[in-house]
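Engineer: The listed protein sequences derive, respectively, from chains D and F.
Numbering follows our numbering, with no gaps: position 65 of the first sequence is 65.
Each number in our numbering corresponds to the 1-based position in the second sequence with 1000 added.
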Amino acid sequence: MKKSPMALANEYLELAFVLPVSTFVGYAIGYLLDKAFGTHFLYLVFLILGTVGGFVQLIRRFTRDKTDDPQ
Amino acid sequence: MPEHEIWLTRLFNDSLAPLGRSVLAAVNLHAENPGRPWTNFITMEILVALIIIVVFAILRGRLSMDRPGKFQQTFEVLYDSLKGETQQNIGHSGPNYLPFIGTLGIFILFSNLIGIVPGFESPTMNPSVPAGCAMLVFCYYNFLGFKQMGVGKYLAHFAGPIPALAILMIPIEIVSHLARPVSLTIRLFANMLAGEKVTMVFLSLTYLVAPALFMGLHVFVSFLQAYIFVLLTMMYVADTVPHEEH
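#1: Applying the 10 Å Cβ sphere with the 16-neighbour rule, what's the burial state of N1028 of chain F?
#2: The alpha helix (DSSP H) that contains G1216 of chain F, what's its start and end?
#3: What does the alpha-carbon distance come out to for the pair E1245 of chain F and A16 of chain D?
#4: Can you find a CB in chain D that lies within less than 7 Å of the CB of V1182 of chain F?
#5: Are G1160 of chain F and Y1154 of chain F closer than 7 Å when you measure CB to CB?
#6: Just checking: is the beta-carbon of I1162 of chain F within a distance shorter than 7 Å of some beta-carbon in chain D?
#7: Given a cut-off of 7 Å, decide if V1237 of chain F and Y1097 of chain F are closer than it, judged by their beta-carbon atoms.
#8: Does DSSP classify V1048 of chain F as helix, strand or coil?
#9: Scan the stretch 1154-1179 of chain F for residues whose Cβ lies nearer than 7 Å to a Cβ of chain D and list them as they occur along the chain.
#10: Please tell me whether T1086 of chain F and M1235 of chain F are closer than 7 Å, where the distance is taken between their beta carbons.
#11: Starting from the C-beta of L8 of chain D, find all residues in its chain whose C-beta is less than 7 Å away, skip the five residues before and the five after it, and write them out in chain order.
#12: Please check if any C-beta of chain D sits within less than 7 Å of the C-beta of L1011 of chain F.
#13: Check distances from the C-beta atoms of the stretch 23-37 of chain D to those of chain F and list, in chain order, the residues that come in under 8 Å.
#14: For F46 of chain D, which residues in chain F fall below 9 Å Cβ to Cβ?
#15: Name the residues in the stretch 1220-1240 of chain F whose C-beta lies less than 8 Å from a C-beta of chain A; which are they?
#16: Please work out which residues of its chain come closer than 8 Å, Cβ to Cβ, to S1015 of chain F, disregarding the five sequence neighbours upstream and downstream, and give them in chain order.
#17: Does the beta carbon of Q1088 of chain F come closer than 7 Å to any beta carbon on chain D?
#18: Using a Cβ-Cβ distance under 7 Å, would L19 of chain D count as near chain F?
#19: Within 7 Å of any Cβ in chain F, is that where the Cβ of L8 of chain D sits?
#20: Which same chain residues end up closer than 6 Å to T51 of chain D when comparing Cβ atoms and leaving out the 5 residues on each side of it in sequence?
#21: Answer with buried or exposed for R1187 of chain F, where buried requires no fewer than 16 other C-beta atoms within 10 angstroms of its C-beta.
#22: Can you tell which of F:A1031, F:R1180, F:W1007, F:H1004 has the C-alpha that lies nearest to the C-alpha of L19 of chain D?
#23: Which value, in whole angstroms, describes the spacing of the CA atoms of Y1079 of chain F and P1095 of chain F?
#24: So what's F1120 of chain F in DSSP terms, helix, strand or just coil?
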């Protein structure tokens, strides 16, 4: 079923949030794990994982839109 | 800095403070100020819930197949548009999820709009309320995933299609899923807070025209943010439940 312009606009607005929020959440998880285990490197690992996660979401969305597009 | 108490919160704190303290104690929490445990967003949430119950009780009493009134038609339009969106975003099984998504949407819409009424403020201006709604959405779509795909299959989809990359994909997927409630919370809370603050700034400058324009903008943002919240909920549900061909 074809999506309404509002729904599409909303999906693309969401994309603007995906990358920064994933990065922030990754950092927050790493920071909490560091505090829990007394380590000092997990924040960096999860910061990178969060950034990669954001990119994965972006690429997944673009790939899906390309597949849905009838050309 | 203690928040400014609106008249409703003052009423609650003056007459129902022991009840507020008992409710908090029941969930092992304590108020910052034990003498005044009720906060604006809690009292406004209670008021919004009561308004919704009253509005729908009146609507139910007036439902008519032959002569639908304007009140009924307004809510029919709302219902039809939400039903259409669920079908567009989730598929033919979309309307099955309408009770949850619709209830959440109406609660957020009413919560956003009540800030327009002088003497009240939007409960969604406080991050706790959007966070509560976002956590509910997070639990709901994960519950649907477990229910419809089974625990093993749902957890396996976090590993991605290539087993060798599973160790990398699992933390990435966990972070991506945890980012969803954060994103929902920040968007709703920040937009409602910004809308309210802009209106208040212009209201402090002049009582003519400008505040009315920004109140109009606040109404538009209220509808838009409620719509965005439910649409994203539908997208998350659509990502979780098995797809059928349209």
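Glycine included, C-beta positions come from ideal geometry on N, C-alpha and C.
For clarity, every value in this text was computed on a predicted model and none was experimentally measured.
Structural biologist: The relevant details are as follows:
#1: The count along the second sequence starts at 1 and reaches residue 1028 of chain F at position 28. Exposed.
#2: As a position in the second sequence, residue 1216 of chain F is number 216, starting the count at 1. Residues 1210-1240.
#3: Indexing the second sequence from 1 puts residue 1245 of chain F at position 245. Indexing the first sequence from 1 puts residue 16 of chain D at position 16. At E1245 of chain F, the pLDDT of 47 sits below 50, so the modelled position is not reliable; the number obtained from the coordinates is stated separately. Rounded to the nearest angstrom, the two C-alpha atoms are 29 Å apart.
#4: By 1-based counting over the second sequence, the position of residue 1182 of chain F is 182. Chain D contact via Cβ: present.
#5: Here residue 1160 of chain F refers to the residue found at position 160 of the second sequence. Here residue 1154 of chain F refers to the residue found at position 154 of the second sequence. Taking 7 Å as the Cβ cut-off, G1160 of chain F and Y1154 of chain F do not qualify as a contacting pair.
#6: Translated into the one-based positions of the second sequence, residue 1162 of chain F becomes position 162. Residue-level contact check: I1162 of chain F does not touch chain D, since none of the beta carbons of chain D fall below 7 Å from its beta carbon.
#7: Taking the second sequence and counting its residues from 1, the one referred to as residue 1097 of chain F is at position 97. Taking the second sequence and counting its residues from 1, the one referred to as residue 1237 of chain F is at position 237. Cβ atoms of Y1097 of chain F and V1237 of chain F: closer than 7 Å.
#8: Within the second sequence, numbered from 1, the residue matching residue 1048 of chain F stands at position 48. Taken through DSSP and simplified to helix, strand or coil, V1048 of chain F comes out as helix.
#9: P1171, I1172, V1175, S1176, L1178, A1179
#10: Residue numbering aside, residue 1086 of chain F sits at position 86 when the second sequence is read from its first letter. Residue numbering aside, residue 1235 of chain F sits at position 235 when the second sequence is read from its first letter. Going by C-beta atoms, T1086 of chain F is not nearer than 7 Å to M1235 of chain F.
#11: On the first sequence, residue 8 of chain D is found 8 positions in, with the first residue counted as 1. Hits under 7 Å: none found.
#12: The sequence position of residue 1011 of chain F within the second sequence is 11, counting from 1. L1011 of chain F does not count as touching chain D.
#13: F24, V25, G26, I29
#14: Position 46 of the first sequence, counting from 1, holds the residue named residue 46 of chain D. Residues of chain F passing the Cβ test: P1171, V1175.
#15: In the displayed structure, chain A is absent; the protein chains listed are D and F.
#16: Here residue 1015 of chain F refers to the residue found at position 15 of the second sequence. Around S1015 of chain F: no qualifying Cβ.
#17: The residue you call residue 1088 of chain F lines up with position 88 of the second sequence. At least one chain D Cβ lies under 7 Å of Q1088 of chain F.
#18: Position 19 of the first sequence, counting from 1, holds the residue named residue 19 of chain D. No, L19 of chain D lies away from the interface with chain F (no Cβ there is under 7 Å from its Cβ).
#19: Start at 1 with the first residue of the first sequence, and residue 8 of chain D comes out as number 8. No, L8 of chain D does not count as interfacial toward chain F.
#20: Numbered from its first residue, the first sequence carries residue 51 of chain D at position 51. The residues are T23.
#21: The sequence position of residue 1187 of chain F within the second sequence is 187, counting from 1. When all chains shown are included, R1187 of chain F counts as buried.
#22: As a first step, residue 19 of chain D is located in the first sequence; it is residue number 19 there, counting from the start. Out of F:A1031, F:R1180, F:W1007, F:H1004, F:R1180 has the C-alpha closest to the C-alpha of L19 of chain D.
#23: The sequence position of residue 1079 of chain F within the second sequence is 79, counting from 1. The sequence position of residue 1095 of chain F within the second sequence is 95, counting from 1. Roughly 10 Å between the two C-alpha positions.
#24: The sequence position of residue 1120 of chain F within the second sequence is 120, counting from 1. Looking at F1120 of chain F - three-state DSSP - the assignment turns out to be coil, as it is neither helix nor strand.
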